[in-house]
Every structure is written in structure tokens, then in C-alpha cells.
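Numbering-wise (the UniProt record's numbering), the sequence shown opens with residue 1 and increments by one.
First comes the structure, then the notes that go with it.
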Amino acid sequence: MKVYTKTGDGGTTALFGGTRVPKDHIRIESYGTVDELNSYIGLIRDQEINSHYKEILIEVQDRLFTIGAILATPPEKEVMKNGELRLKKLGITETDIELLENEIDTMEEILPPMTHFVLPGGHQTVSYCHITRCVCRRAERLAVHLSHNEPVAEIAIKYLNRLSDYLFVLARKLSVDLKADEVKWIPRK
Numbered sequence: 001m002k003v004y005t006k007t008g009d010g011g012t013t014a015l016f017g018g019t020r021v022p023k024d025h026i027r028i029e030s031y032g033t034v035d036e037l038n039s040y041i042g043l044i045r046d047q048e049i050n051s052h053y054k055e056i057l058i059e060v061q062d063r064l065f066t067i068g069a070i071l072a073t074p075p076e077k078e079v080m081k082n083g084e085l086r087l088k089k090l091g092i093t094e095t096d097i098e099l100l101e102n103e104i105d106t107m108e109e110i111l112p113p114m115t116h117f118v119l120p121g122g123h124q125t126v127s128y129c130h131i132t133r134c135v136c137r138r139a140e141r142l143a144v145h146l147s148h149n150e151p152v153a154e155i156a157i158k159y160l161n162r163l164s165d166y167l168f169v170l171a172r173k174l175s176v177d178l179k180a181d182e183v184k185w186i187p188r189k
């Protein structure tokens with residue numbers, strides 16, 4: 001099987017189930033941004049960080065593949081011709097969201113309370129976390145935009161929201177772990 005098919009040369013691509021749409025369709029933007037997010041998660045995972053965080057990030061990457069599949073499947077293709085659900089073995093559950101919430105809570109127990117806004121930076125790994133958080137927020141915005149036009153599983157949007165929270169807290173925790181300078185934003189007078 002060749003990597004190139006030439007079917008997209010005219011500016012269209014196939015969704016899960018075969019429906020062809022323009023490459024700038026909101027559904028493509030949505031799952032394409034989740035793919036970008038997954039790549040940035042891999043970049044964080046490749047850093048010199050605690051192995052526990054790496055394990056959590058692998059779990060996150062798996063869930064992002066699932067969200068990508070959910071977003072790549074138009075509602076009319078969710079059920080196959082044989083009557084079975086196309087994504088029957090895939091899904092995001094409340095347990096996946098609870099994992100992120102528990103990780104956030106555990107990190108926040110160790111971190112000093114937030115008393116200020118934090119400027120991204122201080123260490124390359126921390127900066128990667130902040131960039132990834134921003135990509136996650138964009139993925140969430142695009143999924144919400146898509147949901148205004150077509151049904152999108154609410155739990156997928158909820159997961160992206162919680163993941164951006166996790167990435168913010170992970171950036172703060174890595175600032176401590178890596179002894180990075182956390183720069184406070186102080187408004188000008």
C-alpha cells in the first residue's frame with residue numbers, strides 16, 4: 001500500500017466512512033488539530049520528565065486518537081451498512097476525565113497556591129507544555145464550532161477541556177521539578 005493515493009490532489013479528503021469533503025472543512029480542521037495536539041503531547045513525552053507523567057501522556061495520546069476518530073466520523077456514517085456501530089470499540093468515558101482530574105489534584109497538592117498569572121516559559125519543557133495547552137484549547141474551540149453544525153460527542157469536548165487544565169498544571173509542576181523560573185505577570189500601572 002502506497003502512502004500517496006492522489007485522491008486528495010483536488011483539495012478534498014475522505015472522512016471515516018468514505019464521505020469526501022473539502023480539506024478546509026471544519027471537521028477536518030477539528031480532527032487535524034487533535035492530531036497536531038497529539039504530536040505536541042509526544043514532544044512533551046520525549047523530554048526528561050518523571051516516568052509517571054510519560055505514562056499518563058501515553059494514555060492521553062491513546063484517547064486523542066479516539067477523539068480524532070470520533071471527529072472524523074460524520075453522523076450519517078456512525079452506523080455501518082451491517083447495522084454495527086463504526087466506533088463500537090472506541091470511546092471516551094468519564095473514567096478518562098477522572099484520571100486527568102485526579103492527576104491535576106495530586107499535582108496541585110504539592111504546588112503553591114496560584115496568586116498570579118503565569119507567563120509561559122522558564123524552561124524549554126515547560127514552554128512545550130504551554131504550547132501544547134494552547135493547541136489543546138484550539139482543538140476544543142474547533143470541536144465546539146463543529147458541534148454548532150453537526151452532533152459531536154459532548155464527552156470529547158469535555159475531555160479536551162480537562163486536558164488543557166491538566167497541561168497547565170503539568171507546566172506548573174514541571175517548573176518546580178525542573179527548578180525553572182516561573183515568571184509572574186504583573187499588570188502595568
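We put the CB at the ideal spot given by N, CA and C, even for glycine.
Output needed for residue i: all residues of its chain with C-beta closer than 6 Å, excluding positions within five of it in sequence on either side, in chain order.
i           : result
residue 47  : 125
residue 133 : 164, 167 and 168
residue 67  : 34 and 156
residue 29  : 142
residue 153 : 70
residue 184 : 116
Let me know the secondary structure DSSP gives residue i once reduced to three states.
i           : result
residue 169 : helix
residue 158 : helix
residue 95  : helix
residue 73  : coil
residue 12  : strand
For the alpha helix (DSSP H) containing residue i, name the first residue and the last one.
i           : result
residue 195 : Past the boundaries of the shown model lies residue 195; the chain is included only from 1 to 189, so the question cannot be answered.
residue 49  : Per DSSP, residue 49 belongs to no alpha helix (DSSP H) and is neither H nor E.
residue 145 : 124–149
Under 7 Å from any heavy atom of the ligand COA, does the C-beta of residue i make it?
i         : result
residue 3 : As far as ligands go, the structure on display features none, and thus does not contain the ligand COA.
Go ahead and label residue i buried or exposed: buried means 16 or more other beta carbons lie within 10 angstroms of its beta carbon, across all protein chains shown.
i           : result
residue 51  : exposed
residue 3   : exposed
residue 149 : exposed
residue 62  : exposed
residue 110 : exposed
residue 231 : Residue 231 lies beyond the residue range present for the chain, which begins at 1 and ends at 189; the question has no answer from this structure.
residue 8   : exposed
residue 96  : buried
residue 173 : buried
residue 56  : buried
residue 140 : buried
residue 64  : buried
In chain order, what residues of the same chain have a beta carbon less than 7 Å from the beta carbon of residue i, not counting five sequence neighbours either side?
i           : result
residue 104 : 165, 166 and 169
residue 131 : 40
residue 122 : 175, 180, 181, 182 and 183
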